[in-house]
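In the numbering used here, the protein residues as written are 904 to 1067.
The beta carbon of each residue, even a glycine, is placed where N, CA and C say it ideally should be.
Note that the structure is a prediction, hence the values are computed from the model and not measured.
First the structure, in the form of structure tokens, and then the observations on it.
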Ligand code: COA
């Protein structure tokens, strides 16, 4: 195997069961997965990057093959700094495809040595999105089936008052 590690970048605001499932499946392919929490300049966030890192670290605390980090700047610069050439992303729907294609092409044009690998999100997670989770929680709805219990607790704490 030429590549032993993959970087899984994302906003993870908050991490979902879909993200966790993707990491666990990627560990069947790569020895090591580096979850890289990014500051997405186009999205308003509920959790700070540090809080997202802490949540993911707690979720994967028993798995020494998962590292959780935070990076600023371009993903490919961070990947180069870490000596990793595989970028891992999940695909849910057609909408994701357009967006992901654009990102993969852009990353390839800036850093030709980088390969983006896509895993299809498992069916039961394909409707999940961090934005929807926040919206459901904001209005006091159930998010148990979409996130890890630690994340559910953290989201509830952040969004204290269910809105009418
Ligand atoms: N199952 C269920 N849902 C999933 C999922 C899965 N396997 N994988 C992703 N999602 C959802 C997330 O919940 C999220 O939902 P939202 O859009 O409602 O928030 C959405 O899909 C995508 O989120 P995420 O995986 O966290 O990624 P992102 O699109 O926010 O991340 C970066 C984009 C961070 C990778 C990208 O902006 C980046 O690389 N930034 C660094 C700067 C840079 O290099 N820019 C140039 C890029 S070409």
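Helix, strand or coil at residue i according to DSSP, with G and I counted as helix
{"i": "residue 1020", "result": "strand"}
{"i": "residue 952", "result": "helix"}
{"i": "residue 1008", "result": "helix"}
{"i": "residue 1031", "result": "coil"}
{"i": "residue 923", "result": "helix"}
{"i": "residue 979", "result": "helix"}
{"i": "residue 1040", "result": "helix"}
{"i": "residue 957", "result": "helix"}
{"i": "residue 984", "result": "helix"}
{"i": "residue 999", "result": "helix"}
{"i": "residue 962", "result": "helix"}
Strand pairing of residue i, partner residues [DSSP]
{"i": "residue 931", "result": "According to DSSP, which records beta bridges pairwise, residue 931 is partnered with nothing at all."}
{"i": "residue 970", "result": "937"}
{"i": "residue 913", "result": "940"}
{"i": "residue 908", "result": "935"}
heavy atom of ligand 1 below 6 Å from residue i C-beta
{"i": "residue 1012", "result": "no"}
{"i": "residue 912", "result": "yes"}
{"i": "residue 1009", "result": "yes"}
{"i": "residue 1125", "result": "The structure shown does not extend to residue 1125, since the chain spans only 904 to 1067, so no value can be given for it."}
{"i": "residue 962", "result": "no"}
{"i": "residue 1033", "result": "yes"}
{"i": "residue 1019", "result": "no"}
{"i": "residue 1026", "result": "no"}
{"i": "residue 943", "result": "yes"}
Own chain residues within Cβ distance below 7 Å of residue i, not counting five before or after
{"i": "residue 1031", "result": "919, 920, 921, 1049"}
{"i": "residue 952", "result": "940, 942, 973"}
Span of the alpha helix (DSSP H), counted from its first residue to its last, around residue i
{"i": "residue 1059", "result": "1052-1061"}
Residues of its chain near residue i, where Cβ-Cβ distance is below 8 Å and the 5 sequence neighbours each way are ignored
{"i": "residue 968", "result": "930, 934, 935, 936"}
{"i": "residue 988", "result": "906, 982, 1016, 1017, 1018"}
Endpoints, the beta strand (DSSP E) within which residue i is located
{"i": "residue 992", "result": "989-994"}
Cβ neighbours of residue i in the same chain (closer than 6 Å, five flanking residues each side left out)
{"i": "residue 959", "result": "918, 938, 971"}
{"i": "residue 1015", "result": "none"}
{"i": "residue 954", "result": "none"}
{"i": "residue 925", "result": "993, 1022"}
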